[in-house]
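Asks:
There are 2 protein chains.
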Amino acid sequence: MPKIDLDSIEQVSRTGYPPPFDRQVQGRWYRRLAPASGLTAFGVSHVVLKPGAWSSQRHWHAGEDEFLVMVSGEGVLVDDQGEHILRPGDCAAFPMNDGNGHHVQNRSEEDCAFIVVGSGTNTGGDYPDIDMSFTSEGFVHKDGRPY
Amino acid sequence: MPKIDLDSIEQVSRTGYPPPFDRQVQGRWYRRLAPASGLTAFGVSHVVLKPGAWSSQRHWHAGEDEFLVMVSGEGVLVDDQGEHILRPGDCAAFPMNDGNGHHVQNRSEEDCAFIVVGSGTNTGGDYPDIDMSFTSEGFVHKDGRPY
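Chains R and G supply the protein sequences, listed in that same order. Residue numbers -4 to 142, in the numbering used here, belong to the letters of the first sequence in order. Residue numbers -4 to 142, in the numbering used here, belong to the letters of the second sequence in order.
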């Protein structure tokens, strides 16, 4: 059935971030919707941020487009242009290789949730605020040493 | 700025459907978000259905994945398995070539709105309820004659 039963899909808070960068995403709970529903042309995640949680470290992708739509609660999108409140129905787009580091923070006292879609080739990208970049091989220091 | 100003993007109710199949989508108002925001890896539309409007004729794509998330109001997803109410936050996925004709109807007395993402190759598909199919060349009768 194409309507997705979200409760039937495992919700996880895993991250591959090395410490201490994993701390801010411990309250990020996500479900991978594409494998569960048979989609192969793009990825889709349903993400819940607990109060205080971040969606990721602020980052941009060299080879992947991302699109986000808020579905409940309130988040704060932080990017190179500043801070932007996201409420249900608000959308944001991050074209590949734009160099504009972005993430969503939940600064409220309630959960917030969004859908994020991504597609492209994992050719890496950068985290402008911290000593970490990402490559198709994994996380590295800015000087190239692997984590 | 990656947060999208929806009001700045033209909202249209165009359709290429030949009469009489255009009638049910006259209250469908959509914005194409990808060209406006620089995304190229997939398409994204913000769609508002006025009371009584349909998202499309019931259809499926041979070569394109689709994903939908409801953002406001209430719609009725109709597919081969029956009818499913969609409320804000509800999601649906339509893998390419699944042969499961689907669309959303607004049977309520208020507008409803959703985001739909699509990606893949336009190799056509079918409208199971009517004498129309679609090809990469356009709309045809079931016997192949073009509209």
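Even glycine gets a Cβ: it sits at the ideal position worked out from N, Cα and C. Since this is a predicted model, take the numbers as computed values, not measurements.
Look up R:Leu44 in the DSSP assignment and say whether it is helix, strand or coil.
Replies: Numbered from its first residue, the first sequence carries residue 44 of chain R at position 49. R:Leu44 falls in the strand class under three-state DSSP.
Asks: Helix, strand or coil: which one does DSSP assign to G:Ser128?
Replies: As a first step, residue 128 of chain G is located in the second sequence; it is residue number 133 there, counting from the start. Three-state DSSP puts G:Ser128 in a strand.
Asks: Kindly list the residues whose CB is nearer than 6 Å to the CB of G:Val112, restricted to its own chain and excluding five residues on each side of it in sequence; keep chain order.
Replies: Here residue 112 of chain G refers to the residue found at position 117 of the second sequence. If we look at G:Val112 and ignore the five residues flanking it on each side, its Cβ neighbours are Phe37, Val39, Phe62.
Asks: Quick one, which residues of the region 30 to 46 of chain G are near chain R if we go by CB-CB under 9 Å, in chain order?
Replies: Ala31, Ser32, Gly33, Leu34, Thr35, Ala36, Phe37, Val39, His41
Asks: Going along chain G, which residues have a C-beta under 8 Å from R:Pro174?
Replies: Beyond the ends of chain R as shown, which are -4 and 142, falls residue 174 of chain R; an answer cannot be given.
Asks: Determine, for R:Asn101, whether the minimum Cβ-Cβ distance to residues of chain G falls below 8 Å.
Replies: Reading the first sequence from its first residue, position 106 is the one you call residue 101 of chain R. So no, R:Asn101 is outside the interface.
Asks: For R:Gly120, decide whether its Cβ has a neighbour in chain G, counting only Cβ atoms nearer than 8 Å.
Replies: As a position in the first sequence, residue 120 of chain R is number 125, starting the count at 1. No, no contact with chain G.
Asks: So the beta strand (DSSP E) R:Ser114 belongs to, where does it begin and stop?
Replies: Residue mapping note: residue 114 of chain R aligns to position 119 of the first sequence, counting from 1. Here the beta strand (DSSP E) through R:Ser114 covers 107 to 115.
Asks: Reducing DSSP to helix, strand and coil, say where R:Ala31 ends up.
Replies: Looking up residue 31 of chain R in the first sequence gives position 36. Residue state, collapsed to three classes: helix.
Asks: Name the chain R residues that come within less than 8 Å of G:His97, Cβ to Cβ?
Replies: Locating residue 97 of chain G in the second sequence gives position 102, where the first residue counts as 1. In chain order: Pro(-3).
Asks: Suppose the cutoff is 6 Å on Cβ atoms and the five residues either side in sequence are ignored; what does the same chain contact list for G:Ala31 look like?
Replies: Within the second sequence, the letter at position 36 stands for residue 31 of chain G. Excluding residues within five positions, the ones whose Cβ falls inside 6 Å are Ile4.
Asks: Have a look at R:Val42, R:Gly139, R:Ser67, R:Arg27 and flag the residue whose alpha-carbon is nearest the alpha-carbon of R:Val20.
Replies: Your numbering for residue 20 of chain R matches position 25 in the first sequence. With respect to the C-alpha of R:Val20, the residue from R:Val42, R:Gly139, R:Ser67, R:Arg27 having the closest C-alpha is R:Val42.
Asks: For a contact defined as C-beta to C-beta under 7 Å, what are the partners of R:His79 on chain G?
Replies: As a position in the first sequence, residue 79 of chain R is number 84, starting the count at 1. The answer, in chain order, is Lys(-2).
Asks: What does DSSP give as the partner residues of R:Asp121 in its beta bridges?
Replies: Numbered from 1 along the first sequence, position 126 holds the residue referred to as residue 121 of chain R. Answer is R:Trp55, R:Ser128.
Asks: For G:Glu104, I'd like the list of residues in its chain whose CB is within less than 6 Å of its CB, leaving aside the five on either flank, ordered along the chain.
Replies: Indexing the second sequence from 1 puts residue 104 of chain G at position 109. Pro46.
Asks: Check whether the region 125 to 134 of chain R and the region 70 to 84 of chain R are in contact - that is, three or more C-beta pairs closer than 8 Å.
Replies: no
Asks: List the residues of chain G whose Cβ lies closer than 8 Å to the Cβ of R:Gly115, in chain order.
Replies: The sequence position of residue 115 of chain R within the first sequence is 120, counting from 1. Those are Ala36, listed as they occur along chain G.
Asks: Check whether the Cβ of R:Asp60 lies closer than 8 Å to any Cβ atom in chain G.
Replies: The count along the first sequence starts at 1 and reaches residue 60 of chain R at position 65. For R:Asp60, the answer is yes, since a Cβ of chain G falls inside 8 Å of its Cβ.
Asks: Can you find a C-beta in chain R that's less than 8 Å from the C-beta of G:Val66?
Replies: Looking up residue 66 of chain G in the second sequence gives position 71. Yes, G:Val66 lies at the interface with chain R (some Cβ there is under 8 Å from its Cβ).
Asks: Classify R:His54: buried if its beta carbon has 16 or more other beta carbons within 10 angstroms, exposed otherwise.
Replies: One-based indexing of the first sequence puts residue 54 of chain R at position 59. The residue in question, R:His54, is buried, as its Cβ has 16 or more Cβ neighbours within 10 Å.
Asks: Measuring alpha carbon to alpha carbon, tell me which of R:Val99, R:Ser8, R:Pro14 ends up nearest R:Leu72.
Replies: To locate residue 72 of chain R, count along the first sequence from 1; it is residue 77. Taking only the C-alpha atoms, the option nearest R:Leu72 is R:Val99.
Asks: Note down the Cα distance separating R:Trp24 from R:Arg140, rounded to an integer number of angstroms.
Replies: Taking the first residue of the first sequence as position 1, residue 24 of chain R is located at position 29. Taking the first residue of the first sequence as position 1, residue 140 of chain R is located at position 145. If you take the alpha carbons of R:Trp24 and R:Arg140, they lie about 29 Å apart.
Asks: Out of G:Ala29, G:Asp138, G:Asp121, point me to the one whose CA is closest to G:Gln52's CA.
Replies: By 1-based counting over the second sequence, the position of residue 52 of chain G is 57. Nearest option by C-alpha distance: G:Asp121.
Asks: Between R:Cys86 and chain C, is there a C-beta pair that is closer than 8 Å?
Replies: Looking at the structure shown, chain C is missing, and the protein chains on hand are R and G.
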